[in-house]
Structure formats: structure tokens, C-alpha cells
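Read the structure below first, then the notes.
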Amino acid sequence: AHQLSSRSHPVTEGGSSAEWEFESEYFAVKRVPMTNFDLMDHWTAEDPVREVQAMQYFRRWYENNFHKEQGRKVETPYEEAVGIMAMTNVIIPVDVLTDDSYLYIITPYCSGGDLFDALFNSKNKARMGEEASRMFMNQALNGLEHLQKAGLAHRDIS
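Numbering (full-length UniProt numbering), first residue to last: 1 to 158.
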């Protein structure tokens with residue numbers, strides 16, 4: 001994981017680069033080759049364009065339905081994304097960037113790996129305990145509930 005902060009200056013329209021500063025906040029960067037867009041059937045299981053559209057829609061839906069009620073003021077896109085994730089268990093982007101070769105989806109970094117690794121870690125021969133199972137299930141159901149309220153479906157679940 002890279003330690004990146006928000007842009008030191010905004011990318012101007014038609015700009016081809018963004019500068020980033022190193023900070024203490026961790027980000028995950030999903031890099032998708034642009035060549036895949038030409039070959040992609042837009043109804044495949046993983047469509048990065050639709051993924052970004054859904055995440056951006058969810059952010060707007062959350063802001064319209066919950067953000068104003070709480071009266072919260074956030075200072076950075078990172079703080080906003082982390083706050084939404086903490087309430088909804090849905091990962092949203094801090095930023096989305098492109099260059100001539102790639103689409104970059106930048107999200108807050110969640111340490112500890114993903115749920116698949118936790119469930120099927122070959123080093124951990126023991127079963128997951130009931131308390132941990134409840135926590136993961138509660139988070140997954142909370143995320144799905146918020147997606148459903150927003151009118152979105154998770155392609156891995158639906």
C-alpha cells in the first residue's frame with residue numbers, strides 16, 4: 001500500500017497528471033488497463049466504469065440522505081470516504097484518475113486483507129470463531145442494506 005495524500009493541486013480539465021504528497025494516510029489503488037475497455041463486454045462481472053459510477057452514485061445518495069442530517073463537516077475527501085465507510089460498510093473512492101494507459105480507483109486502505117483471505121487462509125487451519133463470524137456477517141449485511149436502500153445491487157451477491 002502506498003501512503004498518498006490528496007492532490008497537492010487539482011488536475012485541470014484535460015490535464016494528464018496529478019501530483020500526490022506522501023502522508024500518514026494509507027490508500028489502495030486499483031489500476032485497470034485502458035486496453036481492457038475496448039475488449040470488455042459491458043455486462044461482465046467486473047466493469048470498472050460501472051463500478052466507479054455506482055460508487056460515485058452511492059456517495060451522492062449518502063450525502064443527500066444522511067450527511068446533511070448529521071451536520072458533519074469533513075475537511076478532506078479521505079475523511080469523507082472513511083466516514084461513509086464506517087457508517088455503511090461500503091467502500092467508496094477518494095478519487096478516480098486516468099492517464100493514457102490506466103484508470104486508477106483510489107480508496108482508503110483497509111488493513112488485514114479481504115474476507116476471502118480471512119476465511120480461506122491456508123496458514124490458519126482453525127475455523128473462524130463465532131464472534132468474528134458475527135462481526136463479518138453484520139458488516140456484510142449492513143453494507144448490503146445500504147446498497148439496497150440506495151437502489152444498487154452488488155454483482156458478487158445478486
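Glycine is no exception: its CB is placed at the ideal position from the N, C-alpha and C atoms.
Checklist line | Between the CA atoms of Asp156 and Pro48 - distance to the nearest angstrom | finding: The sequence position of residue 48 within the sequence shown is 48, counting from 1. The sequence position of residue 156 within the sequence shown is 156, counting from 1. Whole-angstrom Cα-Cα distance: 14 Å.
Margin query: Between which two residues does the beta strand (DSSP E) holding Pro33 run?
Written below: Within the sequence shown, numbered from 1, the residue matching residue 33 stands at position 33. First-last of the beta strand (DSSP E) with Pro33: Tyr26 to Pro33.
Checklist line | Whole-angstrom C-beta distance between Val90 and Ile58, which should lie under 8 Å | finding: Taking the sequence shown and counting its residues from 1, one reaches residue 58 at position 58. Taking the sequence shown and counting its residues from 1, one reaches residue 90 at position 90. Position check: residue 58 holds Phe in this sequence, whereas Ile was assumed. The pair is a contact, with the Cβ atoms about 6 Å apart (cut-off 8 Å).
Next item on the list: Classify Ile91 as helix, strand or coil using the three-state DSSP reduction.
Entry: In the sequence shown, counting from the first residue as 1, residue 91 sits at position 91. The answer is coil: DSSP assigns Ile91 none of H, G, I, E or B.
Next item on the list: May I ask you to check if the CB of Ile84 is nearer than 7 Å to at least one heavy atom of the ligand ZN?
Entry: With respect to small molecules bound, the structure shown includes none, and the ligand ZN cannot be examined in it.
Next item on the list: Work out the CA separation of Ile92 and Met85 for me, nearest whole Å.
Entry: For the purposes of this step, residue 85 is taken as residue 85 along the sequence shown, with counting starting at 1. For the purposes of this step, residue 92 is taken as residue 92 along the sequence shown, with counting starting at 1. So the two alpha carbons sit approximately 7 Å from each other.
Notebook entry, point to check: To the nearest angstrom, how far is it from the Cα of Ala118 to the Cα of Phe66?
Noted result: Reading the sequence shown from its first residue, position 118 is the one you call residue 118. Reading the sequence shown from its first residue, position 66 is the one you call residue 66. C-alpha separation (whole angstroms): 31 Å.
Check: By DSSP, does Leu144 sit in helix, in strand, or in coil?
Finding: Sequence index remark: in the sequence shown, residue 144 carries index 144 (1-based). Leu144: helix per DSSP, three-state reduction.
Checklist line | Terminal residues of the beta strand (DSSP E) in which Leu103 lies | finding: Within the sequence shown, residue 103 is the residue found at index 103, counting from 1. Run containing Leu103: Tyr102 to Pro108, per the beta strand (DSSP E) assignment.
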